[in-house]
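Colleague: Have a look at the structure that comes next, please.
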Amino acid sequence: MINKIFDTLALAVADVNDGATIMIGGFGTAGMPSELIDALIEQGVRDLTIVNNNAGNGATGLAALLKAKRVRKIICSFPRQTDSHVFDALYCAGEIELELVPQGNLAERIRAAGTGIGGFFTPTGYGTKFAECKETREIDGRHYVLEAPLHADFALIKAYKGDHWGNLVYRKTARNFGPIMASAAKTAIVQVSKVVERNKEVDWEAIDEVIYGCANQAGEDNRNVARMSALLAGLPVGVPGTTVNRLCGSGMDAVGIAARAIKAGETGLMITGGVESMSRAPFVMGKATSAFSRQAEIHDTTIGWRFVNPLMKKQYGVDSMPETAENVADDYKISRADQDAFALRSQQKAARAQKDGTLVQEIVTVTIPQKKGDALVVERDEHPRETSLEALAKLKGVVRPDGSVTAGNASGVNDGAVAMLIADEDSAKRHGLTPRARILGVATAGVPPRVMGIGPGPASQKLLARLGFTIDQMDVIELNEAFASQGLATLRMLGVEDDDPRINPNGGAIALGHPLGASGARLVTTVSYQLERTGGRYALCTMCIGVGQGIAMIIERV
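What follows is the structure, encoded as structure tokens:
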């Protein structure tokens with residue numbers, strides 16, 4: 007995480023003193039923070055202990071530090087690489103000390119420091135003999151040596167990209183070791199090649215409200231996730247937050263509520279969006295219905311009904327989500343072939359958007375520390391997959407063997423979060439924000455719960471009529487693909503061809519997944535970028551909602 011942004015590299019390394027132990031990230035030149043090393047040389051610090059894989063690589067980076075005679079000791083795996091002989095000369099002249107550590111051992115010693123391990127046995131490797139002074143053991147005919155964690159005062163590492171909120175992106179050649187070294191040092195100094203300016207001029211005290219959508223609210227997202235997110239993101243404690251629940255439409259509803267509050271003049275600047283962690287949704291158990299009861303029901307909170315109201319079941323039924331999709335397919339005559347073709351188009355468009363970098367604009371990389379091994383870096387949607395009509399046709403129905411709804415033409419169950427700033431014109435100017443789109447309106451509609459998937463149809467029709475638009479005026483249509491059957495039924499209801507190029511041009515939920523509370527806000531975010539790229543003016547975002555509802559929103563590029 008970035009704790010402080012320095013105006014110059016010299017300021018960043020100003021606290022590095024003589025005799026410090028420094029880990030230098032990048033086991034290759036791609037991850038070598040050469041500019042930081044140059045700043046150290048100019049600062050004049052001496053007698054440094056350096057930890058790095060290679061003791062001198064080329065003529066820049068660590069080799070430059072050795073040439074400037076700022077190093078007293080080096081801990082490394084390889085004393086020389088490429089055509090640089092600077093290390094050889096210094097070592098032969100007795101000007102620096104050397105602690106040679108097998109590459110695997112060096113990596114594990116750094117990891118151990120970051121995780122707080124006091125010591126560990128590890129096999130020797132790369133033909134390097136273990137030091138006689140270290141305790142060794144022979145296990146199954148192999149030598150193991152007792153190693154100690156390798157701590158440092160500073161870690162100089164390099165990231166490809168970072169922003170003022172503390173998000174860092176590492177190139178694949180260096181991303182694994184940079185965060186590990188940072189965790190093993192008291193202070194990490196990150197050289198960022200590209201700083202992404204994200205709302206640097208905003209006075210966060212001026213945020214009137216944080217409104218988030220979340221459907222389950224049963225795991226860590228319980229107890230008002232909007233408020234908790236605001237606090238954990240470092241927003242001032244005076245910024246309030248509230249969480250709304252319209253099931254699948256929660257994220258879009260949150261955006262709509264924020265827009266209405268701003269239009270009413272009650273607020274001027276808000277953070278809104280949605281979140282869902284379906285992988286962390288817990289099992290829940292209800293209380294006993296009678297004294298000394300020996301029965302207990304356990305429900306999975308990931309998706310669908312739980313703790314069913316008997317009257318609800320009697321009057322409307324409690325069809326599962328896939329069952330409602332089968333109902334839609336039956337009632338609206340949506341064939342299996344059409345559903346699979348729709349699903350394949352979604353996967354193909356998402357694959358293209360990932361390959362050409364279209365989706366990168368709207369994604370913030372997340373780095374997740376692991377108990378063991380390298381940090382997990384999530385920088386792209388994980389759900390899209392390669393498939394074909396032949397492969398999709400082989401899948402069995404999930405409701406009944408001869409059913410048309412399959413895992414291949416339904417949305418994925420996954421995690422996601424979206425955040426955006428909504429502001430009136432005066433607030434946008436005051437805080438240096440560049441408007442991307444204007445929210446023209448939002449509408450909701452109810453439908454029979456057993457065919458909840460058709461909800462986007464009447465919701466969109468209601469909104470189009472209220473704003474005086476026709477569907478032909480929409481340059482982009484972002485339709486949440488909960489199921490291919492309901493998506494096709496909705497499009498046909500609106501008079502849109504199945505393969506209209508305006509529909510989800512960068513893939514939909516069948517490919518990208520459907521984290522319930524986040525999806526609606528994701529549609530709004532995605533479509534605003536798409537309008538900007540293509541120069542279109544109007545876009546319709548719409549989605550179905552469990553228990554029989556639909557929601558729609560129209561935005562305009564500015």
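Numbering (the numbering used here), first residue to last: 7 to 564. By construction, the Cβ of each residue, glycine as well, lies at the ideal position given by its N, Cα and C atoms.
Mind checking ILE304: buried by the 16 CB within 10 Å criterion, or exposed?
Modeller: exposed
Colleague: Considering only residues of the region 232–308, which uninterrupted alpha helix (DSSP H) runs meet the minimum length of 4 residues and lie entirely inside it, listed in chain order?
Modeller: 256–269
Colleague: Would ARG76 be called buried (16 or more neighbouring beta carbons within 10 Å of its own) or exposed?
Modeller: buried
Colleague: So for ILE47, helix, strand or coil by DSSP?
Modeller: helix
Colleague: Report yes if the C-beta distance between GLY225 and GLY31 is below 7 Å; otherwise report no.
Modeller: Cβ atoms of GLY225 and GLY31: not closer than 7 Å.
Colleague: From the DSSP output, in three-state form, read off VAL405 for me.
Modeller: coil
Colleague: For LEU473, which residues of its own chain have a beta-carbon under 8 Å away from its beta-carbon, when the five flanking residues on both sides are left out?
Modeller: For LEU473, where only same-chain residues beyond five positions count, the Cβ hits under 8 Å are LEU446, GLY447 and ILE560.
Colleague: Which partner residues does LEU106 have in the DSSP bridge list?
Modeller: CYS82
Colleague: Within the same chain, show all residues whose beta-carbon is closer than 7 Å to that of GLY6, passing over the 5 residues directly before and after it, in chain order.
Modeller: Not covered by the structure: residue 6. The range shown for the chain is 7 to 564.
Colleague: Using CA atoms only, rank isn't needed, just tell me which of LYS400, PHE489 and ASP421 is closest to VAL411.
Modeller: PHE489
Colleague: Inspect the CB distances between the region 301–318 and the region 276–292 and report whether three or more fall short of 8 Å.
Modeller: yes
Colleague: Exposed or buried, MET258, counting other C-beta atoms within 10 Å across all chains shown (16 or more means buried)?
Modeller: buried
Colleague: Mark ASN510 as exposed unless 16 or more other C-beta atoms lie within 10 angstroms of its C-beta, in which case mark it buried.
Modeller: buried
Colleague: Could you name the residues of the same chain whose beta carbon sits closer than 7 Å to that of ALA356, not counting the 5 residues immediately before and after it, in chain order?
Modeller: PRO390, ASN512, GLY513, ALA517 and LEU518
Colleague: Measuring CB atoms only, is the region 376–389 touching the region 526–545, in the sense that at least three cross pairs come out at less than 8 Å?
Modeller: no
Colleague: Give a yes or no on whether the C-beta atoms belonging to ALA465 and THR450 are separated by under 7 Å.
Modeller: Yes. Within cutoff.
Colleague: Rounded to whole angstroms, what's the CA-CA distance from ILE557 to ALA471? Just pull it up for me.
Modeller: 14 Å
Colleague: The ligand HEM and PRO129: does the residue's C-beta get closer than 6 Å to at least one heavy atom of that ligand?
Modeller: The model depicted lacks the ligand HEM and carries no ligand whatsoever.
Colleague: Note down the Cα distance separating GLY25 from ILE102, rounded to an integer number of angstroms.
Modeller: 13 Å
Colleague: Are there 16 or more other CB atoms within 10 angstroms of the CB of ASN228, so buried, or fewer, so exposed?
Modeller: With fewer than 16 other beta carbons inside 10 angstroms of its own, ASN228 counts as exposed.
Colleague: Look up GLY461 in the DSSP assignment and say whether it is helix, strand or coil.
Modeller: coil
Colleague: Give me, in chain order, the residues of the same chain whose beta-carbon lies closer than 6 Å to that of THR393; leave out the 5 immediate sequence neighbours on both sides.
Modeller: GLN353
Colleague: What are the partner residues of PRO129, as DSSP defines its beta bridges?
Modeller: Listed as beta-bridge partners of PRO129 by DSSP are TYR150.
Colleague: Using CA atoms only, rank isn't needed, just tell me which of LYS79, ASN315 and ASP505 is closest to LEU96.
Modeller: LYS79
Colleague: Look at GLU521 and ASP421 and say whether their C-beta atoms are less than 7 Å apart.
Modeller: As written in the sequence, residue 521 is Pro, which differs from the Glu given in the question. Cβ distance < 7 Å, so PRO521 and ASP421 count as in contact.
Colleague: Shortest alpha-carbon distance to GLY120 belongs to which of ASN111, ASN230, SER40 and LEU156?
Modeller: The shortest Cα separation from GLY120 among ASN111, ASN230, SER40 and LEU156 belongs to LEU156.
Colleague: Rank ILE43, MET549, VAL57 and ASN59 by C-alpha distance to the C-alpha of LYS73 and give the top, closest one.
Modeller: ILE43
Colleague: Please go through the same chain and pick out, in chain order, the residues whose beta-carbon is closer than 7 Å to the beta-carbon of VAL405, but skip the five residues on each side of it.
Modeller: PRO328, GLU329, GLU332 and VAL411
Colleague: Can you give the Cα-Cα distance for ALA399 and ARG351, rounded to whole angstroms?
Modeller: 14 Å
Colleague: If you draw a straight line from the alpha carbon of LEU401 to that of ASP504, how long is it in whole angstroms?
Modeller: 22 Å
Colleague: By Cβ distance below 6 Å, which residues in the same chain neighbour THR249 in space, the five residues on each side in sequence not counted?
Modeller: TYR218, CYS220, ASN230, VAL231 and ALA232, listed in sequence order.
Colleague: If you measure between the beta carbons of ALA443 and GLY280, is that distance less than 7 Å?
Modeller: no
Colleague: Jot down the residue ranges of each uninterrupted alpha helix (DSSP H) in the region 413–466, minimum 4 residues, whole runs only, in chain order.
Modeller: 431–436
Colleague: With distances taken Cα to Cα, identify the nearest neighbour of ASP344 among GLU114, SER491, GLY292 and GLU562.
Modeller: SER491
Colleague: Suppose you measure from the CA of LEU427 to the CA of THR278; what does that come to, to the nearest Å?
Modeller: 6 Å
Colleague: Check PHE348 in the structure and name its three-state DSSP category.
Modeller: helix
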